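Encoded as structure tokens, the structure appears first; notes follow it.
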Amino acid sequence: PIDINKVEPAENIMRRFVTGAMSYGSISKEAHEAMAIAMNKIRGRSNTGEGGEDSERFVPREDGTNLRSAIKQVASGRFGVTTEYLVNSDEIQIKIAQGAKPGEGGQLPGYKVDKIIAKTRHSIPGISLISPPPHHDIYSIEDLAQLIFDLKNVNPKASNIFAPR
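This note's numbering puts the first residue of the sequence shown at 84, with every later residue one more than the last.
This is the structure:
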């Protein structure tokens, strides 16, 4: 057996736990919030996905429960991306491409866009929402550098601004 004193503490290991990016809309409000609560309790990080996050989640509940996702995603549709959203992040993730549907973009059918999703994404209930395949402001490495610069200026405290492969 290995001496427990030679093993990294569980708290340190759990800080490296990160959820996948799943937007509120692709999964239910309850599931999205449950992941954030669980990850916050173990000091891991949950990811908003491209759908944004209700600003009511930025402030902990009276009982101390924290519903805020640590990682805020910026995708081609820019759904829910506001200054308030960005300053309430520990990390910012730039979603470069629609991995499951390359060249097609992502779609949230209108029947799934209820009042809360519409509010979060700054849209209208019942209207289908489409994430275009490309970012229409990123056509060169210089464009990407500019977006990173702009995001860092909005939230200089974000530990990482990254574009996963």
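Think of the CB as a built atom: it goes at the ideal place given N, C-alpha and C, for glycine as much as any other residue.
Note that the coordinates shown come from a computational prediction; the quantities given were computed from them, not determined experimentally.
DSSP beta-bridge partners of residue i
i      : result
TYR107 : ILE110
LEU227 : LEU227 pairs with nothing; no bridge assigned.
Through-space distance from residue j to residue i, alpha-carbon basis
i      : j      : result
PRO239 : ASP173 : 10 angstroms
GLY163 : PRO84  : 50 angstroms
ILE179 : MET105 : 15 angstroms
PRO92  : LEU230 : 37 angstroms
LYS112 : ASP197 : 11 angstroms
THR165 : VAL90  : 42 angstroms
LEU234 : ILE154 : 13 angstroms
LYS130 : PHE141 : The displayed chain sequence assigns Asn, not Lys, to residue 130. Their backbone Cα atoms lie some 13 angstroms apart in a straight line.
THR203 : GLU139 : 10 angstroms
ILE244 : ALA117 : 25 angstroms
GLU145 : ARG151 : 14 angstroms
HIS205 : THR102 : 25 angstroms
GLY209 : MET97  : 39 angstroms
GLU187 : VAL170 : 30 angstroms
ILE221 : PRO143 : 35 angstroms
GLU94  : SER109 : 30 angstroms
ASP226 : PHE232 : 10 angstroms
PRO216 : GLY193 : 19 angstroms
Status (buried if at least 16 other CB within 10 Å, exposed otherwise) for residue i
i      : result
SER159 : buried
LYS195 : exposed
SER242 : exposed
ILE207 : exposed
ALA228 : exposed
ALA114 : exposed
ALA121 : exposed
ARG126 : exposed
GLY147 : exposed
ILE87  : exposed
ARG99  : exposed
Other residues of its chain near residue i: CB distance less than 8 angstroms, five sequence neighbours each side excluded
i      : result
GLN190 : SER211, LEU212, ILE213 and SER214
HIS219 : SER159
Cutoff 6 angstroms; reference residue i; Cβ partners in own chain excluding five residues on either side
i      : result
ASN123 : ASN149
ILE224 : none
TYR107 : HIS115 and GLY134
Cutoff 7 angstroms; reference residue i; Cβ partners in own chain excluding five residues on either side
i      : result
TYR168 : GLY135, GLU136 and LYS155
> Counting only runs that start and end within the stretch 115-193, where is the alpha helix (DSSP H) found for 4 or more residues in a row?
Replying inline: DSSP runs (the alpha helix (DSSP H)) wholly in the stretch 115-193: 166-170.
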